[in-house]
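For the sequence shown, the positions run 1 to 1182 when the numbering used here is used.
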Amino acid sequence: MDGYSLTIFYALLLLLLHSSGLEASLKSGEPKCREREREALLNFKQSLLDSHDLLSTWTDHHNNTDCCKWKGIQCNNVTGHIQLLDLRCPDTRYLRGDINLTSLIHLQNIQHLDLSNNYFSWAHIPQIIGSFTNLTYLNLSSSVFGGTIPSQLGYLSQLRYLDLGINDLFGSIPFQIGNLRHLQYLDLGHNPLSGEIPFQIGNLKQLWYLNLGGTTLYGEIPFQIGNLQQLQYLNLGSNTLYGAIPFRIGNLPLLHTLRLGGNFNIRAKDAEWLSNLYSLTNLELSSLHNIGSSPLWLQTISDHIPNLRELRLVDCSLSDIHIKSLFYSHYNFSNSLTFLDLSSNMLTSSTFQFLFNFSLNLQELRLSDNKIALSAPLYPNFPSLKILDLSYNNLPSSIFQGNFNFGSKLEELHLQNCSLIDRSFLVSSATTMNSSSSLLYLDLSSNLLKSSAMFYWLFNFTTNLHSLYLSDNLLEGPIPDEFGKVMNSLEDLHLSDNKLQGKIPSFFGNMCTLQSLYLSNNKLKGEISDFIQNSSWCNRHIFHTLHLSYNRITGVLPKSIGLLSELEFLFLTGNSLEGDVTELHLTNFSKLKTLHLSQNSLSLKFVSNWVPPFQLINLKLASCKLGPSFPSWLHTQSSLLWLDISDNGLNDSVPEWFWNKLQYMVKLNMSHNKLAGAIPNIPSKLILRPIIILNSNQFENRLPTFLLQASELFLSENMFSDLFSFLCGEQSTAANLATLDLSSNQIKGQLPDCWNSVDSLLFLDLSNNKLSGKIPMSMGSLVKLEALVLRNNSLTGQLPSTLKNCRNLIMLDVGENMLSGPIPSWIGESMQQMIILIMRGNHFSANLPIQLCYLRSIQLLDLSRIKLSNKIPTCLKNFTAMSGKSVNTTETKTRIYWYNTTYYGNYSFVYDRYYTLYITWMWKRVEQGFRNPELILMSIDLSCNNLTGEIPKEVQYLLGLVSLNLSRNNLSGELPTEIGNLSSLESLDLSRNHFSGRIPLSLSQIDSLGKLDLSHNSLSGGIPTGRHMETFDASSFEENVDLCGKQLNKSCPEDETTVKPQEAAVYGEDSVFFEALYMSLGIGYFVGFWGFLGPILIWQAWRIAYLRLLNRLTARLARGALTPTNGGFRKDHVLFELKPNLFSNSLCKKLLASMDDLRVWASSYIQIEEMGEYQDGVRAEL
């Protein structure tokens, strides 16, 4: 007993001494937390942008040194080590920046780390995360992390909870995840992950929650997942999985939620496994298109329905018959089913009616993207329904006529893109329409609504709406004042993308519950001051979003706009606002995040030392007047992601502090100013791989290598002079650079031979510089390249053979250089994706290689002025892209701008495409520039060469051809008769060749033809008439000697014969008279002709007399009708006057020198004729 008492005594003594020491420690001011850990937290804070002072307690002040008392920190009560770091953001006041998790390496005792719901700008999860081996809880979800999942996570052997969901993580799932044997919760869903599901996940025997849905995983489901006996939640939906479902009876027995999506092979034994999931309450099957062909699967799903709370059968090719088989008897009546989603199937209104009988407790019903067409008298009334989605159905015009009520508790109604028209909402005067007091959310966007009477229907139908979506319709006229008076519960109103007119109603400021207003892209007008000043703005304490962009609003921005002190988003772009904007306009906007004032006539005049009360994320001031000095107040904006100060009249150098802000930017546009000087080569890391647009300035000297970290660089029309140091320096690496546009600068000398440093490039434009020498072999390392533009330089030599490695080229433009040698055959053999090929104005020679006909996708081919010879190949018909009458713009854009998960993983993080293809083209004899030519043009230009032979008839198959130029060659033969098949042709130039024959009549059938040049050929006959051929003047046909027509003021011999039938057509009303007239003329001609010619042929005396008369007339003509010319005569005139006979025929063979010789020759022929007549008479008498 004494020993036990002694033990107790010593224990109490030690405790007392420890307490005394601890108290003394606290009194002495020493921190409770560890110094190294406190320093680690402070270093960690420095990597973050804390715009909302969430970490305001994290300071190094003498009275705040205990980091265990800082926000989000918990320490061990005994050791003082940090055990919990929780910086989860509950709302939009998130932390930003390039988070530096490596700085937390000293927190080796941390067990709980939560950084979810923040904005960490695609920062990578570092490999060092595997060093926190005491972690049991790790949550990095919804925080915009990028990169791949580090395999070092497999070292966290104590981990129970891992959530990386809803980020931008790409790549495969590391198999090392299977080492986390204590893991109970794993969420990797909603990331652009790829690859197969690692089978090692089957090792996680304690896992009860597994979410891999919403990714792009492919392959088969590993059968090992079936061994997870504790699993209750499994989400493999919204993927591209395929193959068999590997689970067997007895697998996953505790599963209550199952989500499967993919192209699976549905088998009967899979249904047996599903039928044994007795705990199943939530079932989702998506993109299983063969469910309907398996009665056993339908039966199994049907058996589960009485116990299900949620059922989703999305995109499963289900019909009404299938749905009826699922709910085939009253035994399937469900009191538990509250959520039913049958979207993207083939269901009709029959299913909609049918479902009403099977779940009185159904609260959410989604039937979007089906074939539902409701009829007004047959609306089912779901007693418990709160949410109904019928979007993307073709609803009839009578849907809202008369009584309309899907349920007395309906709160949300989605009718987006249902082809609704005004008649859908007409209410007859004899009908009393029941209003829906429960409806809070109504989406009628993307329909065909036009009349402003729609607003009257709305406040007659429901007055308690909180959210109304009417954007993307055709609404016209003013918004009636009654709408603002009655709809006094509205919080969000969306009316953008319509045709609304009149003044902006001031009643919006009197709707005291309104929080956001969207009116962009309409035709609203009036003074902005009237809208702001004529309202009470009783909602100013909650009003946070105002969209008025792209209207016709005028006037000066009033200072009273400051009343809207809670504004977070202000959009005024594309109006006619004018005057000054000073700091007094913006001083109350402490919460402002987005400010768009572009494309107005505003002048921003802020005092030089102004410090804005806000931290902007998105600022666009394009075409406003901000200069001439660079705005110094931007120094205070540390949260900018998007900045557009283009065309601002800036005439200054850019301060160095500004370039450091690129570190966290997504897009910068400072183009079309007069910004000058050199850009400093600062050691900044461009975390977000920004799009940088500096076109049309006066930047000069070298390009700094830090810009290579961007995803797109637009630097054209400056004075940069050095490309070598930019690409070939020690720090010149560009792993994520997709676009480099340095056109129209002053870059001289040879192209650098180090293109492997930027081998990620997709678009490269170096046109309009002073480059010389040969194209380097290393340019062939740009194997991802889609557009290579070297136009208008002084490059020489042949195209390097390594370019054949650039198999993805869609555009190759090397025009206006001094390149030589033959056109390589590998262009056609290796670059079969080519859409645009321009090689004009070089010194290429030899024939047109037959391999070019492999370019089936070609739409623009310019080989003019390159000394081509020989014939045009007949294989032109292989240009299949030109055989269609129009360009498939969607397909073409997809091929060129393949912005998918791969692009965003390797290049930019934002959905903001800027680069567009640009060419110069001889269009209707004028060189013009075309942007996005691949979407509008199909053209061939082979002009100014030495081509011979005929135009191949195969050209008629190029039905989409818009422009064809074969001028200034040595082509010959007749024009193809079926050239009129080219019905899309707008410009045709065949001038200065040797074409002969007639102009094809089919040419007049091309209604779109606006430019035609057939001059300087050997064409003959008449110019075709009809349609628009008369609109072309003489210049289109001149210098064709044998061509005639009205355009040339030269009549054709056949003109008179072609007029008569037309005149007859004019008098169609007197057709009987003219038929008789023509019959009489015919009979008269017959009688007269044979009455004269018959006696001559029958009686010899008549015949002799006629011939004598004829010869005497001929002689008289020869003696008196011809006029001497300089003592001689023109024999061609004589022959033109004489009819064919013995005399005229002999004259063609006899060369006569004078009129006397002609008279002697004619007298002798008269004597011969008279002697012949005498001899004939003697024979007759005998």
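Glycine residues also receive a C-beta, built at the ideal position from the N, C-alpha and C atoms.
| Query | Result |
| --- | --- |
| Coarse secondary structure for residue 578, derived from DSSP in three states | strand |
| Reference residue 859, options 423, 884 and 491, closest by Cα | 884 |
| Beta-carbon proximity of residue 714 to residue 692, cut-off 8 Å | yes |
| Distance, residue 615 Cα to residue 636 Cα | 8 Å |
| C-beta atoms of residue 442 and residue 474 nearer than 8 Å | no |
| Sufficient close CB pairs (3 or more, under 8 Å) joining the stretch 678 to 697 to the stretch 158 to 170 | no |
| contact_flag[the stretch 748 to 759, the stretch 776 to 795] where n(CB pairs < 8 Å) is 3 or more | yes |
| Beta strand (DSSP E) segment containing residue 314, residue limits | 310 to 314 |
| Nearest residue (CA-CA) to residue 511, options 673, 500, 98 and 481 | 481 |
| Reduced DSSP category for residue 606 - H, G, I as helix; E, B as strand; rest coil | coil |
| Under 8 Å between C-beta atoms of residue 465 and residue 490 | yes |
| Exposure label - residue 896; buried when at least 16 CB within 10 Å | buried |
| Touch test, the stretch 134 to 152 against the stretch 105 to 123, Cβ-Cβ under 8 Å, three pairs minimum | yes |
| Inter-residue spacing [alpha-carbon to alpha-carbon] between residue 829 and residue 134 | 59 Å |
| Cβ neighbours of residue 998 in the same chain (closer than 6 Å, five flanking residues each side left out) | 1021 |
| The stretch 61 to 70 / the stretch 601 to 613 touching (three or more Cβ pairs under 8 Å) | no |
| Residue closest to residue 778, alpha-carbon to alpha-carbon, out of 448, 799, 278 and 632 | 799 |
| Beta-carbon gap between residue 1036 and residue 1013 smaller than 8 Å | yes |
| Beta-carbon separation (whole angstroms), residue 500 vs residue 547, contact threshold 8 Å | At roughly 13 Å, the Cβ-Cβ gap does not stay under 8 Å, so residue 500 and residue 547 are not in contact. |
| Spatial distance of residue 819 from residue 659 (CA atoms) | 40 Å |
| DSSP-derived helix/strand/coil call for residue 412 | strand |
| Assigned secondary structure, residue 923 (DSSP; H/G/I helix, E/B strand, else coil) | strand |
| Contact under 8 Å by Cβ, residue 221 with residue 241 | yes |
| Status (buried if at least 16 other CB within 10 Å, exposed otherwise) for residue 631 | buried |
| Sub-8 Å separation of residue 861 and residue 837 beta-carbons | yes |
| Cβ neighbour criterion (16 or more within 10 Å) applied to residue 644 | buried |
| Length of the line joining the Cα atoms of residue 1148 and residue 969 | Low per-residue confidence applies at residue 1148: pLDDT is 39, beneath 50, and the placement is therefore not dependable enough to give any value. |
| Neighbour-count burial assignment, residue 228, 16 or more Cβ in a 10 Å radius | buried |
| Buried/exposed call for residue 278, threshold 16 Cβ in 10 Å | exposed |
| Residue 649 to residue 662 span [Cα, whole Å] | 21 Å |
| Residue of 622, 810 and 780 minimising C-alpha distance to residue 856 | 810 |
| Secondary structure of residue 854, DSSP reduced to three states | helix |
| DSSP state of residue 596 mapped onto helix, strand, coil | strand |
| Entirely enclosed alpha helix (DSSP H) segments - the stretch 229 to 315, minimum 4 residues | 268 to 275 and 295 to 304 |
| Residue from 864, 35, 655 and 372 whose Cα sits closest to the Cα of residue 921 | 864 |
| Top-ranked residue by Cα proximity to residue 524, from 688, 549, 571 and 35 | 549 |
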